[in-house]
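Peer 1:
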Amino acid sequence: MAHYLIGDVQGCDAALGRLLTAVDYSPSRDTLWLLGDLVNRGPSSAAVLRRLMRYEGAARCLLGNHDLHLLAVSLGVRRAHRGDTVDDILDAPDRDVLLGWVRHQSLALGATLEGHDFLMVHAGVLPQWSAAQTLALAAEVQDVLASPDWSTFIRRMYGNEPVAWRDDLQGDDRLRVIVNALTRLRFCTPEGAMEFSAKEGLDTAPAGYLPWFEVPGRRTASEDVTLAFGHWSTLGLAEPQNVFRRARLWALDSGCIWGGQLSALRVMPDVAATHVLIQEDCEPARKPF
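Rendered as C-alpha coordinates:
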(Lines of atoms letter the chains of each structure in order from A and count residues from 1; the text may use other names and numbers.)
(Lines give C-alpha, C1' and ligand atoms only; values in the text may rest on other atoms or scores of the structure.)
Protein backbone atom coordinates (compact mmCIF):
# COMPACT_ATOMS: atom_id res chain seq x y z
CA MET A 1 0.00 0.00 0.00
CA ALA A 2 1.36 3.41 -0.99
CA HIS A 3 0.32 7.00 -0.27
CA TYR A 4 0.84 9.70 -2.90
CA LEU A 5 0.42 13.44 -2.30
CA ILE A 6 -0.31 15.30 -5.54
CA GLY A 7 -0.19 19.01 -6.26
CA ASP A 8 -2.57 21.16 -8.29
CA VAL A 9 -4.03 19.16 -11.21
CA GLN A 10 -6.17 22.00 -12.64
CA GLY A 11 -7.97 19.96 -15.24
CA CYS A 12 -4.89 18.20 -16.67
CA ASP A 13 -6.32 14.71 -16.77
CA ALA A 14 -3.83 13.33 -19.29
CA ALA A 15 -0.88 14.35 -17.10
CA LEU A 16 -2.63 12.87 -14.07
CA GLY A 17 -3.19 9.62 -15.94
CA ARG A 18 0.47 9.42 -16.98
CA LEU A 19 1.58 10.18 -13.43
CA LEU A 20 -0.60 7.41 -11.99
CA THR A 21 0.69 4.99 -14.61
CA ALA A 22 4.26 5.92 -13.70
CA VAL A 23 3.68 5.03 -10.05
CA ASP A 24 1.62 1.94 -10.89
CA TYR A 25 -1.26 3.34 -8.87
CA SER A 26 -4.00 0.89 -7.90
CA PRO A 27 -7.13 2.19 -6.14
CA SER A 28 -7.57 -1.22 -4.53
CA ARG A 29 -4.18 -0.86 -2.87
CA ASP A 30 -3.01 2.78 -2.81
CA THR A 31 -4.36 6.16 -1.70
CA LEU A 32 -4.09 9.52 -3.43
CA TRP A 33 -4.15 12.78 -1.49
CA LEU A 34 -4.90 15.66 -3.87
CA LEU A 35 -4.13 19.13 -2.56
CA GLY A 36 -6.84 21.16 -4.28
CA ASP A 37 -7.41 23.06 -7.53
CA LEU A 38 -8.61 19.89 -9.16
CA VAL A 39 -10.19 21.84 -12.02
CA ASN A 40 -9.86 24.86 -14.30
CA ARG A 41 -7.34 26.20 -16.82
CA GLY A 42 -6.42 22.74 -18.05
CA PRO A 43 -8.25 21.03 -20.92
CA SER A 44 -10.16 18.26 -19.14
CA SER A 45 -11.70 19.37 -15.86
CA ALA A 46 -14.72 17.07 -16.10
CA ALA A 47 -12.48 14.08 -16.84
CA VAL A 48 -10.42 14.79 -13.71
CA LEU A 49 -13.54 14.83 -11.55
CA ARG A 50 -14.94 11.65 -13.09
CA ARG A 51 -11.61 9.87 -12.60
CA LEU A 52 -11.40 10.85 -8.92
CA MET A 53 -15.04 9.92 -8.34
CA ARG A 54 -14.34 6.44 -9.71
CA TYR A 55 -11.53 5.99 -7.21
CA GLU A 56 -13.97 6.70 -4.34
CA GLY A 57 -12.18 6.49 -0.98
CA ALA A 58 -8.86 5.76 -2.64
CA ALA A 59 -8.63 9.44 -3.65
CA ARG A 60 -8.92 11.97 -0.84
CA CYS A 61 -9.39 15.47 -2.23
CA LEU A 62 -9.07 19.03 -1.01
CA LEU A 63 -10.86 22.04 -2.44
CA GLY A 64 -8.82 24.94 -3.74
CA ASN A 65 -9.80 28.41 -4.86
CA HIS A 66 -10.46 27.20 -8.43
CA ASP A 67 -12.81 24.49 -7.21
CA LEU A 68 -14.79 27.03 -5.17
CA HIS A 69 -14.76 29.33 -8.20
CA LEU A 70 -16.40 26.52 -10.20
CA LEU A 71 -19.22 26.35 -7.65
CA ALA A 72 -19.66 30.11 -7.76
CA VAL A 73 -19.77 30.19 -11.57
CA SER A 74 -22.29 27.35 -11.57
CA LEU A 75 -24.62 29.54 -9.50
CA GLY A 76 -24.03 32.69 -11.52
CA VAL A 77 -22.43 34.29 -8.46
CA ARG A 78 -19.16 34.84 -10.37
CA ARG A 79 -18.62 35.40 -14.04
CA ALA A 80 -16.31 33.00 -15.82
CA HIS A 81 -12.82 34.40 -16.41
CA ARG A 82 -11.33 34.52 -19.90
CA GLY A 83 -8.98 31.63 -19.12
CA ASP A 84 -11.54 29.41 -17.39
CA THR A 85 -12.04 25.90 -18.74
CA VAL A 86 -14.96 24.57 -16.73
CA ASP A 87 -17.64 24.54 -19.44
CA ASP A 88 -17.13 20.80 -19.87
CA ILE A 89 -18.48 20.47 -16.31
CA LEU A 90 -21.20 23.10 -16.54
CA ASP A 91 -22.52 21.71 -19.84
CA ALA A 92 -22.20 18.04 -18.89
CA PRO A 93 -25.25 15.78 -18.63
CA ASP A 94 -23.95 14.74 -15.19
CA ARG A 95 -23.32 18.35 -14.15
CA ASP A 96 -25.30 18.06 -10.92
CA VAL A 97 -23.49 14.89 -9.90
CA LEU A 98 -20.09 16.47 -10.57
CA LEU A 99 -20.89 19.68 -8.71
CA GLY A 100 -22.42 17.74 -5.83
CA TRP A 101 -19.27 15.68 -5.49
CA VAL A 102 -17.08 18.82 -5.49
CA ARG A 103 -18.96 20.51 -2.68
CA HIS A 104 -18.64 17.43 -0.48
CA GLN A 105 -14.83 17.48 -0.52
CA SER A 106 -12.58 18.73 2.26
CA LEU A 107 -10.80 22.02 2.97
CA ALA A 108 -8.15 20.38 5.16
CA LEU A 109 -7.09 16.80 5.73
CA GLY A 110 -5.16 15.22 8.54
CA ALA A 111 -3.74 11.72 8.36
CA THR A 112 -1.07 9.48 9.80
CA LEU A 113 0.84 8.08 6.83
CA GLU A 114 3.61 5.53 7.30
CA GLY A 115 3.73 6.44 10.99
CA HIS A 116 3.99 10.22 10.50
CA ASP A 117 1.33 12.88 11.01
CA PHE A 118 0.42 15.08 8.06
CA LEU A 119 -1.74 18.19 7.76
CA MET A 120 -2.80 18.94 4.19
CA VAL A 121 -4.29 22.21 2.95
CA HIS A 122 -4.54 23.86 -0.42
CA ALA A 123 -2.94 27.22 0.41
CA GLY A 124 -1.92 27.89 4.00
CA VAL A 125 -2.50 27.82 7.73
CA LEU A 126 -2.71 30.95 9.86
CA PRO A 127 0.13 31.20 12.39
CA GLN A 128 -2.12 31.06 15.46
CA TRP A 129 -3.91 27.88 14.37
CA SER A 130 -2.86 24.45 15.58
CA ALA A 131 -3.29 21.42 13.33
CA ALA A 132 -6.33 20.31 15.33
CA GLN A 133 -7.92 23.76 15.14
CA THR A 134 -7.26 23.93 11.40
CA LEU A 135 -9.11 20.67 10.86
CA ALA A 136 -11.99 21.76 13.10
CA LEU A 137 -12.38 25.11 11.32
CA ALA A 138 -12.22 23.44 7.91
CA ALA A 139 -15.02 21.12 9.02
CA GLU A 140 -17.23 24.13 9.76
CA VAL A 141 -17.01 25.23 6.14
CA GLN A 142 -17.35 21.68 4.85
CA ASP A 143 -20.58 21.24 6.80
CA VAL A 144 -22.04 24.36 5.19
CA LEU A 145 -20.95 23.35 1.68
CA ALA A 146 -22.56 19.93 2.14
CA SER A 147 -25.80 21.42 3.43
CA PRO A 148 -28.94 22.34 1.45
CA ASP A 149 -28.06 26.01 2.12
CA TRP A 150 -24.67 25.82 0.40
CA SER A 151 -25.63 28.28 -2.34
CA THR A 152 -26.39 31.00 0.21
CA PHE A 153 -22.90 30.65 1.63
CA ILE A 154 -21.24 30.75 -1.80
CA ARG A 155 -23.02 34.02 -2.52
CA ARG A 156 -21.49 35.53 0.64
CA MET A 157 -18.10 33.85 0.48
CA TYR A 158 -16.11 36.35 -1.57
CA GLY A 159 -14.20 39.27 -0.09
CA ASN A 160 -10.94 40.04 1.69
CA GLU A 161 -12.45 41.11 4.99
CA PRO A 162 -11.88 40.36 7.79
CA VAL A 163 -8.16 40.07 7.04
CA ALA A 164 -7.31 38.32 10.31
CA TRP A 165 -8.68 35.56 12.49
CA ARG A 166 -10.36 36.17 15.84
CA ASP A 167 -11.83 33.40 17.95
CA ASP A 168 -15.02 35.42 18.43
CA LEU A 169 -15.76 35.75 14.72
CA GLN A 170 -19.18 34.42 13.76
CA GLY A 171 -21.33 33.82 10.72
CA ASP A 172 -20.14 34.75 7.24
CA ASP A 173 -17.08 36.64 8.55
CA ARG A 174 -15.86 33.54 10.38
CA LEU A 175 -16.35 31.25 7.40
CA ARG A 176 -14.79 33.75 4.98
CA VAL A 177 -11.55 33.99 6.98
CA ILE A 178 -11.34 30.19 7.11
CA VAL A 179 -11.86 29.87 3.36
CA ASN A 180 -9.39 32.65 2.54
CA ALA A 181 -6.67 31.13 4.73
CA LEU A 182 -7.09 27.58 3.50
CA THR A 183 -7.53 28.36 -0.21
CA ARG A 184 -5.86 31.73 -0.92
CA LEU A 185 -3.15 32.48 1.66
CA ARG A 186 0.44 33.22 0.68
CA PHE A 187 1.60 36.16 2.79
CA CYS A 188 0.52 37.42 6.20
CA THR A 189 1.82 39.60 9.00
CA PRO A 190 3.31 38.11 12.17
CA GLU A 191 -0.13 38.71 13.71
CA GLY A 192 -1.82 36.73 10.94
CA ALA A 193 -3.35 39.56 8.86
CA MET A 194 -3.61 38.20 5.32
CA GLU A 195 -2.57 39.83 2.03
CA PHE A 196 -3.89 38.58 -1.30
CA SER A 197 -2.37 40.68 -4.08
CA ALA A 198 1.19 39.28 -4.14
CA LYS A 199 1.39 35.98 -6.02
CA GLU A 200 5.02 35.48 -6.98
CA GLY A 201 8.06 34.20 -5.08
CA LEU A 202 9.23 34.48 -1.50
CA ASP A 203 11.13 37.69 -2.21
CA THR A 204 7.99 39.54 -3.31
CA ALA A 205 6.41 39.84 0.13
CA PRO A 206 4.89 43.30 0.67
CA ALA A 207 6.42 45.38 3.45
CA GLY A 208 5.45 44.00 6.85
CA TYR A 209 4.38 40.60 5.48
CA LEU A 210 5.99 37.17 5.49
CA PRO A 211 5.26 33.87 3.76
CA TRP A 212 2.77 32.24 6.11
CA PHE A 213 5.12 29.35 6.90
CA GLU A 214 7.96 31.71 7.94
CA VAL A 215 6.01 33.59 10.61
CA PRO A 216 7.92 33.28 13.93
CA GLY A 217 5.98 31.26 16.47
CA ARG A 218 3.70 29.54 13.94
CA ARG A 219 1.88 26.94 16.05
CA THR A 220 2.02 24.16 13.50
CA ALA A 221 5.82 24.58 13.33
CA SER A 222 6.06 23.47 16.97
CA GLU A 223 3.84 20.43 16.46
CA ASP A 224 4.91 16.98 15.32
CA VAL A 225 3.24 17.38 11.95
CA THR A 226 4.36 17.70 8.33
CA LEU A 227 2.46 20.30 6.31
CA ALA A 228 1.74 19.69 2.62
CA PHE A 229 0.19 22.35 0.43
CA GLY A 230 -0.22 23.49 -3.18
CA HIS A 231 -1.44 26.81 -4.61
CA TRP A 232 1.93 28.59 -4.85
CA SER A 233 3.55 27.45 -8.08
CA THR A 234 6.23 30.16 -8.06
CA LEU A 235 7.83 28.67 -4.95
CA GLY A 236 9.27 25.85 -7.00
CA LEU A 237 9.02 22.29 -5.83
CA ALA A 238 10.30 21.58 -2.33
CA GLU A 239 13.40 19.42 -2.53
CA PRO A 240 15.14 17.68 0.40
CA GLN A 241 18.03 20.12 0.58
CA ASN A 242 16.00 23.30 0.82
CA VAL A 243 14.25 25.19 3.58
CA PHE A 244 10.88 23.54 2.99
CA ARG A 245 12.09 20.03 3.71
CA ARG A 246 14.02 21.15 6.78
CA ALA A 247 10.91 22.84 8.13
CA ARG A 248 8.69 19.78 7.54
CA LEU A 249 6.91 21.49 4.68
CA TRP A 250 6.09 20.18 1.24
CA ALA A 251 5.07 22.71 -1.42
CA LEU A 252 3.73 20.49 -4.20
CA ASP A 253 2.33 22.86 -6.82
CA SER A 254 5.08 22.48 -9.39
CA GLY A 255 3.31 24.60 -12.02
CA CYS A 256 1.82 21.88 -14.18
CA ILE A 257 -0.61 24.23 -15.88
CA TRP A 258 2.13 26.79 -16.54
CA GLY A 259 4.20 24.35 -18.56
CA GLY A 260 5.83 22.69 -15.55
CA GLN A 261 5.15 19.23 -14.21
CA LEU A 262 2.52 17.47 -12.16
CA SER A 263 4.17 16.05 -9.06
CA ALA A 264 3.44 13.20 -6.69
CA LEU A 265 5.23 12.67 -3.40
CA ARG A 266 5.27 9.07 -2.21
CA VAL A 267 5.38 8.99 1.57
CA MET A 268 7.96 6.54 2.83
CA PRO A 269 8.25 5.00 6.32
CA ASP A 270 11.21 7.23 7.24
CA VAL A 271 9.63 10.37 5.83
CA ALA A 272 12.19 12.64 7.48
CA ALA A 273 14.95 11.17 5.34
CA THR A 274 13.44 9.25 2.45
CA HIS A 275 10.87 10.07 -0.18
CA VAL A 276 10.11 9.26 -3.78
CA LEU A 277 9.14 12.14 -6.02
CA ILE A 278 7.55 11.39 -9.39
CA GLN A 279 6.78 14.03 -12.01
CA GLU A 280 5.03 14.13 -15.38
CA ASP A 281 5.05 16.94 -17.93
CA CYS A 282 1.75 18.73 -18.37
CA GLU A 283 -0.18 19.92 -21.38
CA PRO A 284 -0.51 22.69 -22.40
CA ALA A 285 2.13 25.26 -21.47
CA ARG A 286 0.57 28.51 -20.29
CA LYS A 287 2.00 31.83 -19.20
CA PRO A 288 1.82 32.31 -15.41
CA PHE A 289 -0.85 34.71 -14.23
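Note that UniProt numbering gives residue 110 to position 110 of the sequence shown, counting from 1, and the numbers run on in steps of one.
Virtual Cβ for every residue (Gly too), placed ideally from N, Cα, C.
Taking C-alpha atoms, which residue in LEU16, ALA123 and LEU19 lies nearest to ARG186?
Peer 2: Reading the sequence shown from its first residue, position 186 is the one you call residue 186. Residue ALA123 is the option with its Cα nearest to ARG186.
Peer 1: Considering only residues of the same chain and omitting the five flanking positions on each side of PRO269, which have a CB-CB separation below 8 Å?
Peer 2: The sequence position of residue 269 within the sequence shown is 269, counting from 1. Here the set comprises GLU114 and GLY115.
Peer 1: Give me the residue from ALA181, PRO127 and ASP24 with the minimum Cα distance to VAL65.
Peer 2: Position 65 of the sequence shown, counted from the first residue, corresponds to residue 65. Reading off the sequence, residue 65 comes out as Asn, not Val. Among ALA181, PRO127 and ASP24, the Cα nearest to that of ASN65 is on ALA181.
Peer 1: Measure from the alpha carbon of GLN10 to the alpha carbon of each residue in ILE89, VAL23 and MET1, then state which is nearest.
Peer 2: As a first step, residue 10 is located in the sequence shown; it is residue number 10 there, counting from the start. Nearest of ILE89, VAL23 and MET1 to GLN10, Cα basis: ILE89.
Peer 1: Name the DSSP bridge partner or partners of PRO211?
Peer 2: Reading the sequence shown from its first residue, position 211 is the one you call residue 211. According to DSSP, PRO211 bridges with PHE187.
Peer 1: Could you tell me the alpha carbon to alpha carbon distance between PRO211 and ARG155, rounded to whole angstroms?
Peer 2: Numbered from its first residue, the sequence shown carries residue 211 at position 211. Numbered from its first residue, the sequence shown carries residue 155 at position 155. Going by the C-alpha atoms only, they are around 29 Å apart.
Peer 1: Return the Cβ separation of ALA15 and CYS256 in integer angstroms, given the expectation that the two are a contact with Cβ distance under 8 Å.
Peer 2: To locate residue 15, count along the sequence shown from 1; it is residue 15. To locate residue 256, count along the sequence shown from 1; it is residue 256. Yes, they are in contact, since the Cβ atoms of ALA15 and CYS256 sit about 6 Å apart, within 8 Å.
Peer 1: Using the C-alpha atoms, what's the distance from ARG176 back to ARG75?
Peer 2: Within the sequence shown, numbered from 1, the residue matching residue 75 stands at position 75. Within the sequence shown, numbered from 1, the residue matching residue 176 stands at position 176. The sequence given here places Leu at residue 75; Arg does not occur at that position. For LEU75 and ARG176, the distance between alpha carbons rounds to 18 Å.
Peer 1: Could you check whether ALA193 and ALA164 sit closer than 8 Å to each other, using their CB atoms as the reference points?
Peer 2: Here residue 164 refers to the residue found at position 164 of the sequence shown. Here residue 193 refers to the residue found at position 193 of the sequence shown. The answer is yes: Cβ separation under 8 Å.
Peer 1: For the alpha helix (DSSP H) that LEU90 lies in, which residues bound it at each end?
Peer 2: Along the sequence shown, one-based indexing puts residue 90 at 90. Note, LEU90: alpha helix (DSSP H), 87–90.
Peer 1: Taking the C-alpha atoms as reference points, what is the distance between MET1 and THR21?
Peer 2: As a first step, residue 1 is located in the sequence shown; it is residue number 1 there, counting from the start. As a first step, residue 21 is located in the sequence shown; it is residue number 21 there, counting from the start. Going from the Cα of MET1 to the Cα of THR21 covers about 15 Å.
Peer 1: Tell me which residue opens and which closes the beta strand (DSSP E) that HIS116 is part of.
Peer 2: As a position in the sequence shown, residue 116 is number 116, starting the count at 1. First-last of the beta strand (DSSP E) with HIS116: 116–121.
Peer 1: For a quick check, are the C-beta atoms of ARG219 and PRO162 less than 8 Å apart?
Peer 2: Mapped onto the sequence shown, residue 219 falls at position 219. Mapped onto the sequence shown, residue 162 falls at position 162. If you check the CB distance, ARG219 and PRO162 do not come in under 8 Å.
Peer 1: Mind the definition here: the stretch 197–208 touches the stretch 134–153 only if three or more C-beta pairs lie below 8 Å; say whether that holds.
Peer 2: no
Peer 1: Under three-state DSSP, which class holds VAL243?
Peer 2: Here residue 243 corresponds to residue number 243 of the sequence shown, with the count starting at 1. Reliability fails at VAL243, whose pLDDT of 45 lies under 50, so the model's placement of it is uncertain and the value that follows must be treated cautiously. Residue state, collapsed to three classes: helix.
Peer 1: Between the alpha carbons of ASP8 and LEU32, how many angstroms are there, rounded?
Peer 2: Reading the sequence shown from its first residue, position 8 is the one you call residue 8. Reading the sequence shown from its first residue, position 32 is the one you call residue 32. Taking the CA atoms as reference points, ASP8 sits about 13 Å from LEU32.
Peer 1: According to DSSP, what are the bridge partners of ALA108?
Peer 2: Within the sequence shown, residue 108 is the residue found at index 108, counting from 1. For ALA108, which the question treats as bridged, DSSP gives the partners VAL121.
Peer 1: Pick out whichever of SER197, TYR4 and GLY230 has its Cα sitting closest to the Cα of VAL125.
Peer 2: For the purposes of this step, residue 125 is taken as residue 125 along the sequence shown, with counting starting at 1. The shortest C-alpha separation from VAL125 is found at GLY230.
Peer 1: Give me the residue from TRP101, LEU135 and LEU119 with the minimum Cα distance to LEU249.
Peer 2: Reading the sequence shown from its first residue, position 249 is the one you call residue 249. Among TRP101, LEU135 and LEU119, the Cα nearest to that of LEU249 is on LEU119.
Peer 1: Please report the distance separating the alpha-carbon of ARG103 from that of GLY217.
Peer 2: The residue you call residue 103 lines up with position 103 of the sequence shown. The residue you call residue 217 lines up with position 217 of the sequence shown. Their Cα atoms are separated by approximately 33 Å.
Peer 1: Taking 8 Å as the cut-off, decide whether the C-beta atoms of GLY42 and CYS12 are in contact.
Peer 2: Taking the sequence shown and counting its residues from 1, one reaches residue 42 at position 42. Taking the sequence shown and counting its residues from 1, one reaches residue 12 at position 12. Their beta carbons are under 8 Å apart, which means GLY42 touches CYS12 by this criterion.
Peer 1: For the alpha helix (DSSP H) that ALA136 lies in, which residues bound it at each end?
Peer 2: Taking the first residue of the sequence shown as 1, we reach residue 136 at position 136. Counting along the chain, the alpha helix (DSSP H) containing ALA136 begins and ends at 131–145.
Peer 1: So SER106 and LEU63 are supposed to be a Cβ contact under 8 Å. How far apart are they, rounded?
Peer 2: The residue given as residue 106 occupies position 106 in the sequence shown. The residue given as residue 63 occupies position 63 in the sequence shown. 7 Å between Cβ atoms; contact.
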